[in-house]
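Participant: Numbering (our numbering), first residue to last: -8 to 420.
Where a beta carbon is used, it is the ideal one built from N, C-alpha and C, also for glycine.
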Ligand code: NDP
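#1: Measure the C-alpha to C-alpha separation of residue 80 and residue 72 and round it to an integer number of angstroms.
#2: Using a Cβ-based criterion (distance less than 7 Å to any ligand heavy atom), does residue 324 qualify as near ligand 1?
#3: From what residue to what residue does the alpha helix (DSSP H) around residue 363 run?
#4: Taking the alpha carbon of residue 178 as the point to measure from, which residue in 344, 4, 156 and 304 has its own alpha carbon closest?
#5: Under the DSSP definition of a beta bridge, which residues are partnered with residue 315?
#6: Can you give me the C-alpha to C-alpha distance between residue 42 and residue 308, rounded to a whole angstrom?
#7: Ordered along the chain, which non-local residues of its own chain (more than five positions away) have a Cβ less than 6 Å from that of residue 303?
#8: Give me, in chain order, the residues of the same chain whose beta-carbon lies closer than 7 Å to that of residue 191; leave out the 5 immediate sequence neighbours on both sides.
#9: Which partner residues does residue 221 have in the DSSP bridge list?
#10: Could you check the C-alpha separation between residue 402 and residue 314 for me, to the nearest Å?
#11: For residue 94, which three-state DSSP category applies?
#12: Would the beta-carbon of residue 179 be found less than 7 Å away from any heavy atom of ligand 2?
#13: Consider the Cβ of residue 342: report whether some Cβ of chain B lies at a distance smaller than 8 Å.
#14: Check whether the Cβ of residue 100 lies closer than 7 Å to any heavy atom of ligand 1, and answer yes or no.
#15: Compute the Euclidean distance between the alpha carbons of residue 366 and residue 311, then round it to the nearest angstrom.
#16: What residue does the alpha helix (DSSP H) around residue 39 start on, and which one ends it?
#17: Rounded to whole angstroms, what's the CA-CA distance from residue 182 to residue 77? Just pull it up for me.
#18: Got a sec, what are the start and stop residues for the beta strand (DSSP E) residue 102 sits in?
#19: Residue 332: which of 10, 132, 412 and 30 sits nearest, CA to CA?
#20: Within a Cβ cutoff of 6 Å, which residues of the same chain sit near residue 218, ignoring the five residues on either side of it in sequence?
#21: Might you give, ordered along the chain, the residues of its own chain that have their beta carbon closer than 7 Å to the beta carbon of residue 9, omitting 5 neighbours on each side?
#22: Using CA coordinates, which residue listed in 413, 176 and 383 is at the minimum distance from residue 323?
#23: Buried or exposed: where does residue 28 fall if 16 or more other Cβ atoms within 10 Å of its Cβ makes it buried?
#24: Considering residue 193, what are the terminal residues of the alpha helix (DSSP H) in which it resides?
#25: Strictly by DSSP, which residues pair up with residue 229?
#26: Under 7 Å: does the beta carbon of residue 279 sit that close to some heavy atom of ligand 1?
#27: CA-CA distance, residue 68 and residue 280?
#28: I'd like to confirm something about residue 321: is its beta-carbon nearer than 7 Å to some heavy atom of ligand 1, or not?
#29: For residue 39, count neighbouring C-beta atoms within 10 Å of its own C-beta (all shown protein chains included) and say buried if the count is 16 or more, exposed if not.
#30: Looking at the structure shown, is residue 298 part of a helix, part of a strand, or coil, going by DSSP?
#31: Using a threshold of 7 Å, is the CB atom of residue 170 nearer than that to any non-hydrogen atom of ligand 1?
#32: Assess, as a yes-or-no matter, whether the stretch 248 to 257 is touched by the stretch 382 to 391 under the definition of 3 or more beta carbon pairs within less than 8 Å.
#33: Can you name the start and end residues of the beta strand (DSSP E) that residue 408 belongs to?
#34: Closest to residue 184 by C-alpha separation, out of 146, 155, 160 and 227, would be which residue?
#35: Would you kindly work out how many angstroms separate the C-alpha atoms of residue 124 and residue 133, rounded to a whole number?
#36: Name the DSSP beta bridge partners of residue 152, please?
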């Protein structure tokens, strides 16, 4: 990818952006013909993806810029309806880029399937029997999905958990059998579900218990990714704020989100602004990621910040984000959705592990941008500037009117739809 592509991308018109993508060799000249139409999901495909389909619902697709992740430059497709998300990510990535970019570590991608058993006559004995038959259970699971084994993946391990009876919920004791499955490039929900359903009767016969279900868990604690960044304080200076002050305020803001769930939820929502936008653009399951990430944020028993910002020995600001991220590059709607195909092309056809690194880094960038603004000038200034366009459109502005109303709205005392309507009616008088 050519670096020239990155400059002043936000100032270009839509047509100029597509041209820039061609000159940066992100897309071919042929791809550029009828570009927008090619990325639309055709009704014929949509009709086969869900039930009772009647139309498709559009969400803007933009590019997060300036990302340097594991020494590789990326432009990152992000699908989001929220103004300022892409600008904030790109802005943060630029600062972090100057400091060497993001460094990531990706765990082995292991998904977990679970079979909870009730009415087990002797839970301790049954647990021993399950562990003694781990190899046979794994063999049966793999026989249920031989193609993933042929590709080099499949079931690898068995674990057990005992959950004691709980009077509050009137629930019985459960013996839970976990099976660990390497789903390679797939998120793996269907692979895992096929395997656990296949071994359910065998597990019941081994324990003399009753399996109440067989299903993957979205709490993907064996599929974690960590992204870190390190910034010298001179990169943190803002007008009116010394770098050290910004660093210390960022650390303090993070400490607050680590101890207060009311703040942590909003703090993590900001992280998910970026994470979800890339997950959606890549054709992955946003609900699966959201559910797992928030459970991970509560792993200590209290919902806490997913990021940690600390001070290095030499005074640099250190940022870290660890989340479960079982995304795939195959499966689900990924190979049939034209935008997901485009996203993969723009990202250089990443592996699932690389996609995890990219997504976690966007989440960390998003968090940096949000807290830096919060502890310095506040978020409303930047956010509302970008929100102004949406307000102008909501007020009914069209064509040239949108930019005119937006500019006047930014100078107005009250930036809201009522003001936008007043400004629009003055324009049209
Ligand atoms: P698929 O069912 O589409 O399975 C992926 C398939 O891709 C594999 O079975 C494999 O088939 C093929 N494949 C090709 N190349 C590879 C490779 N390199 N590595 C791995 N597989 C490869 O998708 P998933 O099992 O990933 O399931 C994801 C879908 O399940 C998502 O749409 C999700 O929304 C949905 N879902 C989610 C649930 C949840 O999160 N709780 C529950 C149920 C469904 P083969 O080897 O035969 O070619």
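Facilitator: So, from the data block:
#1: Their backbone Cα atoms lie some 14 Å apart in a straight line.
#2: For ligand 1, a non-hydrogen atom lies closer than 7 Å to the CB of residue 324.
#3: It spans 343 to 366 - the alpha helix (DSSP H) in which residue 363 sits, taken as one unbroken run.
#4: Minimum Cα distance to residue 178 is reached at 344.
#5: For residue 315, which the question treats as bridged, DSSP gives the partners 215.
#6: Cα to Cα, the separation comes out at about 49 Å.
#7: By the criterion of a C-beta distance shorter than 6 Å, residue 303 is surrounded in its chain by 309, once the five residues flanking it on both sides are discounted.
#8: If we look at residue 191 and ignore the five residues flanking it on each side, its Cβ neighbours are 106, 202 and 205.
#9: Within the DSSP bridge table, the entry for residue 221 names 309 as partners.
#10: Roughly 40 Å between the two C-alpha positions.
#11: Three-state DSSP puts residue 94 in a strand.
#12: As for ligand 2, it is missing from this structure, which binds only ligand 1.
#13: Included in the structure is just one protein chain, with no chain B present.
#14: No; taking the cut-off as 7 Å, the Cβ of residue 100 has no heavy atom of ligand 1 nearer than that.
#15: If I take the Cα positions, the gap works out to 18 Å.
#16: Boundaries of the alpha helix (DSSP H) harbouring residue 39: 34 to 40, taken from the DSSP string.
#17: Here the alpha carbon of residue 182 sits roughly 34 Å from the alpha carbon of residue 77.
#18: Residues 101 to 109.
#19: Ranking 10, 132, 412 and 30 by Cα distance to residue 332 puts 30 first.
#20: Excluding residues within five positions, the ones whose Cβ falls inside 6 Å are 93, 95, 312, 351, 352 and 355.
#21: Contacts found: 23 and 26.
#22: For the residues 413, 176 and 383, the minimum Cα distance to residue 323 belongs to 176.
#23: Exposure of residue 28 is indicated by the presence of fewer than 16 other C-beta atoms within 10 angstroms of its C-beta.
#24: Its alpha helix (DSSP H) spans residues 180 to 198.
#25: Residue 229 pairs with 232.
#26: Flag set: Cβ of residue 279 near ligand 1.
#27: Distance between the alpha carbons of residue 68 and residue 280 is about 18 Å.
#28: Flag set: Cβ of residue 321 near ligand 1.
#29: Within 10 angstroms of the beta-carbon of residue 39 lie fewer than 16 other beta-carbons, which makes it exposed.
#30: Per DSSP, reduced to three states, the secondary structure at residue 298 is strand.
#31: Answer for residue 170: no, Cβ out of range of ligand 1.
#32: Taking 8 Å as the limit for Cβ pairs, the verdict is that the stretch 248 to 257 does not touch the stretch 382 to 391.
#33: Not the beta strand (DSSP E): residue 408 falls in the alpha helix (DSSP H), residues 408 to 419.
#34: The option with the nearest alpha carbon to residue 184 is 146.
#35: Here the alpha carbon of residue 124 sits roughly 14 Å from the alpha carbon of residue 133.
#36: Answer is 167.
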